[in-house]
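Position one of the sequence shown corresponds to residue 88 (the working numbering), numbered consecutively onward. Heads up, the beta-carbon is just placed ideally off N, CA and C, and yes, glycines get one too. A short worksheet on the structure shown next.
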Amino acid sequence: MSMIGRYLRLTRAEFERACQDPHWAAEHARALYGRDDEAATARVHETDKAWHALDFLLNRRGFPVDVVYGEADMPWPEGQDWGYGPPRLLTADRVRAAADALEGHAPDTLTEAVTPTDLAAANIYPTTIWERGEEPDWVAAHWADLAKYLRAAAREGDAVLLWIT
88 MSMIGRYLRL
98 TRAEFERACQ
108 DPHWAAEHAR
118 ALYGRDDEAA
128 TARVHETDKA
138 WHALDFLLNR
148 RGFPVDVVYG
158 EADMPWPEGQ
168 DWGYGPPRLL
178 TADRVRAAAD
188 ALEGHAPDTL
198 TEAVTPTDLA
208 AANIYPTTIW
218 ERGEEPDWVA
228 AHWADLAKYL
238 RAAAREGDAV
248 LLWIT
(Lines of atoms letter the chains of each structure in order from A; the text may use other names.)
(Lines give C-alpha, C1' and ligand atoms only; values in the text may rest on other atoms or scores of the structure.)
Protein backbone atom coordinates (compact mmCIF):
# COMPACT_ATOMS: atom_id res chain seq x y z
CA MET A 88 0.00 0.00 0.00
CA SER A 89 1.30 3.45 -0.92
CA MET A 90 0.95 6.76 0.85
CA ILE A 91 -0.58 9.30 -1.54
CA GLY A 92 -0.86 13.09 -1.17
CA ARG A 93 -4.39 14.29 -1.93
CA TYR A 94 -5.95 17.71 -2.44
CA LEU A 95 -9.48 19.08 -2.70
CA ARG A 96 -10.33 22.61 -3.83
CA LEU A 97 -13.11 24.26 -1.83
CA THR A 98 -15.12 27.30 -2.80
CA ARG A 99 -15.75 29.84 -0.04
CA ALA A 100 -19.16 28.28 0.71
CA GLU A 101 -17.71 24.74 0.65
CA PHE A 102 -14.87 25.83 2.94
CA GLU A 103 -17.33 27.27 5.48
CA ARG A 104 -19.51 24.17 5.29
CA ALA A 105 -16.50 21.84 5.63
CA CYS A 106 -15.36 23.67 8.77
CA GLN A 107 -18.84 23.42 10.27
CA ASP A 108 -19.60 19.88 9.09
CA PRO A 109 -16.50 17.69 8.70
CA HIS A 110 -18.64 14.69 7.79
CA TRP A 111 -19.95 16.62 4.79
CA ALA A 112 -16.34 17.38 3.79
CA ALA A 113 -15.46 13.69 3.87
CA GLU A 114 -18.49 12.79 1.74
CA HIS A 115 -17.80 15.65 -0.66
CA ALA A 116 -14.19 14.49 -1.11
CA ARG A 117 -15.24 10.87 -1.66
CA ALA A 118 -17.86 11.90 -4.20
CA LEU A 119 -15.45 14.04 -6.22
CA TYR A 120 -12.66 11.46 -6.12
CA GLY A 121 -15.18 8.86 -7.28
CA ARG A 122 -16.07 10.78 -10.44
CA ASP A 123 -14.05 11.02 -13.62
CA ASP A 124 -15.71 13.99 -15.31
CA GLU A 125 -13.77 17.16 -16.06
CA ALA A 126 -15.56 19.26 -13.44
CA ALA A 127 -14.67 16.81 -10.65
CA THR A 128 -11.10 16.21 -11.76
CA ALA A 129 -10.44 19.97 -11.77
CA ARG A 130 -11.35 20.07 -8.06
CA VAL A 131 -9.09 17.22 -6.91
CA HIS A 132 -5.39 16.52 -7.25
CA GLU A 133 -2.87 13.87 -6.19
CA THR A 134 0.89 13.99 -5.82
CA ASP A 135 1.13 10.21 -5.65
CA LYS A 136 4.16 9.13 -3.58
CA ALA A 137 6.03 12.37 -4.31
CA TRP A 138 4.47 14.25 -1.37
CA HIS A 139 7.35 13.68 1.08
CA ALA A 140 10.07 14.53 -1.44
CA LEU A 141 8.09 17.64 -2.42
CA ASP A 142 7.97 18.72 1.22
CA PHE A 143 11.72 18.12 1.64
CA LEU A 144 12.68 19.90 -1.57
CA LEU A 145 10.33 22.86 -1.11
CA ASN A 146 11.46 23.40 2.49
CA ARG A 147 15.07 23.20 1.33
CA ARG A 148 14.34 25.98 -1.17
CA GLY A 149 12.44 28.09 1.38
CA PHE A 150 9.01 27.88 -0.22
CA PRO A 151 6.82 30.13 1.99
CA VAL A 152 3.64 28.02 2.14
CA ASP A 153 3.25 24.43 3.32
CA VAL A 154 1.57 23.03 0.22
CA VAL A 155 2.15 19.40 1.24
CA TYR A 156 0.71 19.22 4.76
CA GLY A 157 -1.35 22.42 4.89
CA GLU A 158 -1.08 25.16 7.45
CA ALA A 159 -4.28 25.09 9.46
CA ASP A 160 -6.00 22.37 11.40
CA MET A 161 -9.48 21.49 10.38
CA PRO A 162 -11.98 20.74 13.13
CA TRP A 163 -12.21 16.99 12.99
CA PRO A 164 -14.07 14.48 15.14
CA GLU A 165 -12.03 11.65 16.59
CA GLY A 166 -12.46 8.37 14.80
CA GLN A 167 -13.04 9.93 11.37
CA ASP A 168 -10.39 8.34 9.14
CA TRP A 169 -8.90 10.14 6.17
CA GLY A 170 -5.76 8.02 6.08
CA TYR A 171 -2.66 9.19 7.91
CA GLY A 172 -4.16 11.76 10.22
CA PRO A 173 -6.91 14.32 9.74
CA PRO A 174 -6.98 16.64 6.74
CA ARG A 175 -5.49 20.11 6.98
CA LEU A 176 -6.25 23.35 5.21
CA LEU A 177 -4.78 26.10 3.14
CA THR A 178 -7.08 29.10 3.30
CA ALA A 179 -7.77 30.98 0.07
CA ASP A 180 -5.27 33.65 1.17
CA ARG A 181 -2.54 31.05 1.66
CA VAL A 182 -3.36 29.42 -1.69
CA ARG A 183 -2.91 32.87 -3.25
CA ALA A 184 0.42 33.28 -1.40
CA ALA A 185 1.55 29.90 -2.74
CA ALA A 186 0.55 30.82 -6.29
CA ASP A 187 2.36 34.14 -5.99
CA ALA A 188 5.55 32.35 -4.85
CA LEU A 189 5.56 29.83 -7.70
CA GLU A 190 7.57 32.00 -10.10
CA GLY A 191 10.64 31.72 -7.89
CA HIS A 192 10.35 27.94 -7.57
CA ALA A 193 10.24 26.52 -11.08
CA PRO A 194 9.85 22.75 -11.41
CA ASP A 195 13.01 22.43 -13.49
CA THR A 196 15.09 23.81 -10.59
CA LEU A 197 13.40 21.89 -7.76
CA THR A 198 15.80 18.95 -7.79
CA GLU A 199 19.01 20.84 -8.62
CA ALA A 200 21.98 19.61 -6.58
CA VAL A 201 19.90 16.86 -4.95
CA THR A 202 20.88 13.25 -5.44
CA PRO A 203 19.06 10.02 -4.64
CA THR A 204 21.66 9.54 -1.90
CA ASP A 205 20.60 12.85 -0.31
CA LEU A 206 16.96 11.76 -0.29
CA ALA A 207 17.79 8.31 1.09
CA ALA A 208 19.95 9.85 3.82
CA ALA A 209 17.07 12.15 4.80
CA ASN A 210 14.76 9.10 4.95
CA ILE A 211 12.38 10.57 2.37
CA TYR A 212 9.41 8.39 1.45
CA PRO A 213 9.50 6.15 -0.55
CA THR A 214 13.01 5.37 0.64
CA THR A 215 13.45 2.23 -1.45
CA ILE A 216 13.52 4.13 -4.73
CA TRP A 217 16.23 6.51 -3.53
CA GLU A 218 18.25 3.60 -2.17
CA ARG A 219 18.06 2.06 -5.69
CA GLY A 220 19.45 5.32 -7.09
CA GLU A 221 16.32 6.48 -8.91
CA GLU A 222 16.64 10.13 -9.90
CA PRO A 223 14.14 12.60 -8.35
CA ASP A 224 13.09 14.11 -11.70
CA TRP A 225 9.62 12.58 -11.40
CA VAL A 226 9.10 14.68 -8.26
CA ALA A 227 9.61 17.83 -10.33
CA ALA A 228 6.86 16.64 -12.70
CA HIS A 229 4.50 16.35 -9.74
CA TRP A 230 5.53 19.84 -8.63
CA ALA A 231 4.65 21.21 -12.09
CA ASP A 232 1.20 19.61 -11.88
CA LEU A 233 0.63 20.81 -8.30
CA ALA A 234 1.70 24.34 -9.29
CA LYS A 235 -0.89 24.33 -12.11
CA TYR A 236 -3.54 23.13 -9.64
CA LEU A 237 -2.63 25.83 -7.09
CA ARG A 238 -2.73 28.55 -9.74
CA ALA A 239 -6.22 27.45 -10.77
CA ALA A 240 -7.37 27.41 -7.14
CA ALA A 241 -5.93 30.88 -6.56
CA ARG A 242 -7.64 32.26 -9.70
CA GLU A 243 -10.99 31.07 -8.37
CA GLY A 244 -10.35 32.18 -4.77
CA ASP A 245 -10.54 28.59 -3.50
CA ALA A 246 -9.18 27.13 -0.29
CA VAL A 247 -7.57 23.67 -0.38
CA LEU A 248 -8.03 20.66 1.87
CA LEU A 249 -4.96 18.36 2.03
CA TRP A 250 -4.37 14.87 3.42
CA ILE A 251 -2.27 11.74 3.01
CA THR A 252 -3.98 8.39 2.34
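Self-check item: Status (buried if at least 16 other CB within 10 Å, exposed otherwise) for G31
Solution: With the chain represented from 88 up to 252, any question about residue 31 goes unanswered, as that position is not in the structure.
Quiz item: Is L189 near A241, with beta carbons less than 7 Å apart?
Solution: no
Quiz prompt | Every unbroken alpha helix (DSSP H) within the segment 214-244, with a cutoff of 4 residues, ordered by chain | solution = 214-218, 224-243
Quiz prompt | Rounded Cβ spacing between A186 and R147 (contact assumed at less than 8 Å) | solution = The pair is not a contact, with the Cβ atoms about 20 Å apart (cut-off 8 Å).
Quiz item: On the three-state DSSP scale, how would you describe Y120?
Solution: DSSP places Y120 in helix when its eight states are reduced to three.
Quiz item: How is G149 classed by DSSP in three states: helix, strand or coil?
Solution: coil
Quiz prompt | Cutoff 7 Å: H139 Cβ touching any chain B Cβ | solution = Looking at the structure shown, chain B is missing, and only one protein chain is on hand.
Quiz item: Tell me the DSSP bridge mates of L176?
Solution: A159, L248
Quiz item: Hey, is P162 close to the ligand FMN, as in C-beta under 6 Å from one of its heavy atoms?
Solution: Among the ligands in the structure shown, none appear at all, so the ligand FMN cannot be discussed.
Quiz item: Whose CA, out of A140, L176, W169, F150, lies closest to the CA of Y120?
Solution: W169
Quiz item: Taking buried to mean at least 16 other C-beta atoms within 10 Å of its own C-beta, is G92 buried or exposed?
Solution: buried
Practice problem: Can you tell me the Cβ-Cβ gap for A246 and T196, rounded? I've got them flagged as a contact below 8 Å. | Solution: That belief does not hold up - the Cβ atoms of A246 and T196 are roughly 28 Å apart, past 8 Å.
Quiz item: Which of helix, strand or coil does DSSP assign to G191?
Solution: Here G191 sits in helix by DSSP.
Quiz prompt | R104 vs W111 beta-carbon contact at 7 Å | solution = yes
Practice problem: Return the CA-CA distance between L95 and D142, expressed in angstroms with no decimal places. | Solution: 18 Å
Exercise. Have a look at P194 and L97 and give me their C-alpha separation to the nearest angstrom.
Key: CA-CA distance, P194 to L97, rounds to 25 Å.
Quiz item: When you compare each of C106, T128, G244 to R181 by their alpha carbons, which one comes out closest?
Solution: Closest by alpha carbon: G244.
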